[in-house]
Amino acid sequence: MASGIDIVLQGVLLGGLYGLFAAGLSLIFGVMRLVNLAHGDLIVLAAFAILALVNGLGWPLPLAVVVAAAAMFVVGYVLQYVVLNRTLGRDILPPLLLTFGLSIFIQNGLLEAFTADSRRLSAGDLETASIALGGGLAVGVVPLLTFATAVAVIVALNQIFYRTAMGRAFRAVSDDPVTAQLMGIDNRRLFALAMGIAMVVATIAALFLGIRANFDPSIGPARLIFAFEAVIIGGLGSLWGTLAGGIVLGVAQTVGASISPEWQLLAGHLAFLAVLLVRPRGFFPRAID
Amino acid sequence: MALLETRELSAFYGDFQALFGISMAFEAGDTVAVIGANGAGKSTLLKTICGLVATRPDAVVFDGRPIGGLRAAQIMQLGIAMTPEGRKLFPSLTVEENLLIGADRRKGSGYWRLETVYELFPGLEARRTAAATALSGGQQQMVAIGRALMSNPRLLLCDEISLGLAPVVIKDIYAAMPAIRAQGTTVVIVEQDIVQALAVANRVYCLQEGRVTLQGAPAELSREAIHEAYFGH
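Here the protein sequences line up with chains X and H, keeping their order.
Last residue of the first sequence: number 324 in the working numbering, and the count goes up by one each step with no gaps.
Last residue of the second sequence: number 1183 in the working numbering, and the count goes up by one each step with no gaps.
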């Protein structure tokens, strides 16, 4: 019994990581209907950026994360303003092609710069620390921190969306980009801002990705799949739904892994398909669309 | 000098030409009615003025400055607000948020703010936290007009504000016009409902198939002249 609870608990916490992967994806799809196929690779890029600051310049991890997040904000802003904005329109194919190309570009660029070696971010003693919950249960501090951060990120994004003038503009543009222009809103800048914020979230995801496990330049697309599944399970346009989607995926994977290690990824994908069968629009689709 | 002039304005949708050399002048403080049948080019004219349809720079001159072909967001910030056809409220925003977003990029230095818009349209304040699309059609139209007023525009463009509304509701909406004009705002009303438009306007333009077929003060124009300009032969 205890092991059953343990498996679900670990799955929920793993879901926090998937929620972090997916939050940025969910945000930019929500604002500008852009499907970013390079999202996973951008997370990996952020992880290497943190790594380079820590290993190359010898900076402490927290400082490196803050600086990497700022740099990734600029990368996201410029990427959207200069490149991706040109591809947005009635045809959904150009942004897909462009971000697909960007994905390949980032992977190979990272391969050149950092080789194919597996790397990780070091968080010292934190990595192995755990908290005993009694009854033979224990949770790792890092998974717990990951989950708490995911919740904090989604609370923060919701505050931005529903409590600020910028969030009001995000929702308006998402509803009706043409009429938003009549309100004096420059869609190009607003989209760039959304991508910048998504890249800050991606950097936070990269931190926990790098502490939890090894990463190398090729793992981006798999993270993208997890992020996609979390977004779809949760329902397009809902940030809390995205976290819930991450949790469903995480629990399915840990349950699958407890049956057989080979089942871990497959169980996640099967859970995704099962949800699609029962709730084609996910659990919490936005009411208006 | 006129507040806004169109000079030989032409507009296209792809290969289709919707407007042919339209020249108009709106003086500050005017209330101008632009009338015409369906497809005459009235909405296209407003969309061109507010930057949603491209044209050459000097085809639209606002306060002495060529603004044709500027982005809609820039034109709004210069003081031209639009109440689009079909209201186009933001469904994800509450009534109050719909009003506030009108003032996010330009507040102007004028009379209109939340309190004064609620005074103008008394029913709205009680519904301020409701989703904008939960309101009745008439109230939605009031929100759309209020949203445009929130930027304290110098020129207010109203596209078919009576469309799909009951006559008694239309009367309520047009009752707001004197208060809007009292702030010195120039108003351009595009309508298919000629009677309503002529009642509030001091200048009328009639469009037919993308060309101006009649213009003047409403009192000077005979019913027959308007009928002919509206429907053609």
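Even for Gly, the Cβ is constructed at its ideal location relative to N, Cα and C.
Bear in mind the structure is a predicted one, so any value in this text is a computation, not a measurement.
Environment of residue i [buried if 16+ CB atoms lie within 10 Å]
| i | result |
| --- | --- |
| L49 of chain X | buried |
| D324 of chain X | Reliability of the predicted coordinates at D324 of chain X is poor, the pLDDT of 45 falling under 50, and no value is obtained from them. |
| D160 of chain X | exposed |
| P178 of chain X | buried |
| G1014 of chain H | exposed |
| I139 of chain X | exposed |
| H74 of chain X | buried |
| D221 of chain X | buried |
| T1079 of chain H | exposed |
| F1181 of chain H | exposed |
| F966 of chain H | exposed |
| D152 of chain X | exposed |
| N143 of chain X | exposed |
| V1069 of chain H | Correcting the residue type first, residue 1069 of chain H is Glu in the shown sequence and not Val. Classification for E1069 of chain H: exposed. |
| I294 of chain X | exposed |
| P252 of chain X | buried |
| S1172 of chain H | exposed |
| K1121 of chain H | exposed |
| G317 of chain X | buried |
| Y963 of chain H | exposed |
| R1056 of chain H | buried |
| V310 of chain X | buried |
| E297 of chain X | exposed |
| T150 of chain X | exposed |
| I141 of chain X | buried |
| L80 of chain X | buried |
| G1029 of chain H | buried |
| N71 of chain X | buried |
| S61 of chain X | buried |
| E1170 of chain H | exposed |
Distance CB(residue i)-CB(residue j) smaller than 9 Å
| i | j | result |
| --- | --- | --- |
| D210 of chain X | L1043 of chain H | yes |
| V1067 of chain H | M1026 of chain H | no |
| A265 of chain X | G281 of chain X | yes |
| M951 of chain H | Q1165 of chain H | no |
| T163 of chain X | G171 of chain X | no |
| R1097 of chain H | M234 of chain X | no |
| A262 of chain X | V283 of chain X | no |
| R1153 of chain H | A990 of chain H | no |
| Q216 of chain X | A1031 of chain H | no |
| V188 of chain X | I268 of chain X | no |
| L953 of chain H | L1105 of chain H | yes |
| A148 of chain X | F83 of chain X | yes |
| G1052 of chain H | Q1133 of chain H | no |
| L278 of chain X | G59 of chain X | no |
| A1147 of chain H | I985 of chain H | yes |
| A105 of chain X | I85 of chain X | no |
| M201 of chain X | I63 of chain X | no |
According to DSSP, residues forming a beta bridge with residue i
| i | result |
| --- | --- |
| V101 of chain X | None; V101 of chain X has no bridge partner. |
| T181 of chain X | DSSP lists no partner for T181 of chain X. |
| I985 of chain H | H:E1141 and H:C1156 |
| I972 of chain H | H:L959 |
| V1162 of chain H | H:L1157 |
| Q967 of chain H | H:F962 |
| P1016 of chain H | H:V1011 |
| I1030 of chain H | H:L1105 |
| L1050 of chain H | Paired residue(s): none; L1050 of chain H is not in a bridge. |
| F2 of chain X | The question about residue 2 of chain X has no answer here: the residues shown for chain X are numbered 36 through 324. |
| T1044 of chain H | H:A1081 |
| T935 of chain H | The structure shown has nothing for residue 935 of chain H, since chain H only spans 951 to 1183. |
Contact with chain B by residue i, beta-carbon distance below 9 Å
| i | result |
| --- | --- |
| R321 of chain X | Checking the listed chains, one finds no chain B in this structure; the protein chains it contains are X and H. |
List in chain order: all unbroken alpha helix (DSSP H) runs of 4+ residues lying wholly within the stretch 187 to 245 of chain X. 200 to 210 and 212 to 217
Members of the stretch 215 to 247 of chain X near chain H, C-beta cut-off 7 Å: Q216, L217, M218, G219, I220 and D221
By the 7 Å beta-carbon criterion, what residues does the stretch 1031 to 1048 of chain H contribute toward chain X? M1032, P1034, K1038, F1040, P1041, S1042, L1043 and E1047
Could I get the ranges of all uninterrupted alpha helix (DSSP H) runs contained in the stretch 1076 to 1133 of chain H, with 4 residues as the minimum, in chain order? 1087 to 1099, 1117 to 1124 and 1127 to 1132
What beta strand (DSSP E) runs, 3 residues minimum, are completely inside the stretch 144 to 178 of chain X? 165 to 169 and 172 to 175
Looking at chain X, which residues of the stretch 1053 to 1073 of chain H have a Cβ within less than 8 Å of any of its Cβ atoms? D1054, R1055 and R1056
Selection of the stretch 179 to 212 of chain X by Cβ proximity to chain H, strictly under 8 Å: A200, R203, A204, R206, A207, S209, D210 and D211
Note down, in chain order, all residues in the stretch 1018 to 1031 of chain H with a beta-carbon under 9 Å from any beta-carbon belonging to chain X. R1021, A1022, A1023, Q1024, I1025, M1026, Q1027 and A1031
Short of 8 Å Cβ to Cβ, which residues in the stretch 993 to 1009 of chain H face chain X? C1000, G1001 and L1002
Contacting positions in the stretch 1131 to 1143 of chain H - beta carbon closer than 8 Å to chain X: none
Please list the residues of the stretch 1082 to 1093 of chain H that have a C-beta atom closer than 9 Å to any C-beta atom in chain X, keeping them in chain order. T1083
Output needed in chain order: residues of the stretch 956 to 972 of chain H with a Cβ under 9 Å from some Cβ in chain X. none
What residues from the stretch 973 to 992 of chain H come within 9 Å of chain X, judged by C-beta to C-beta, listed N to C? none
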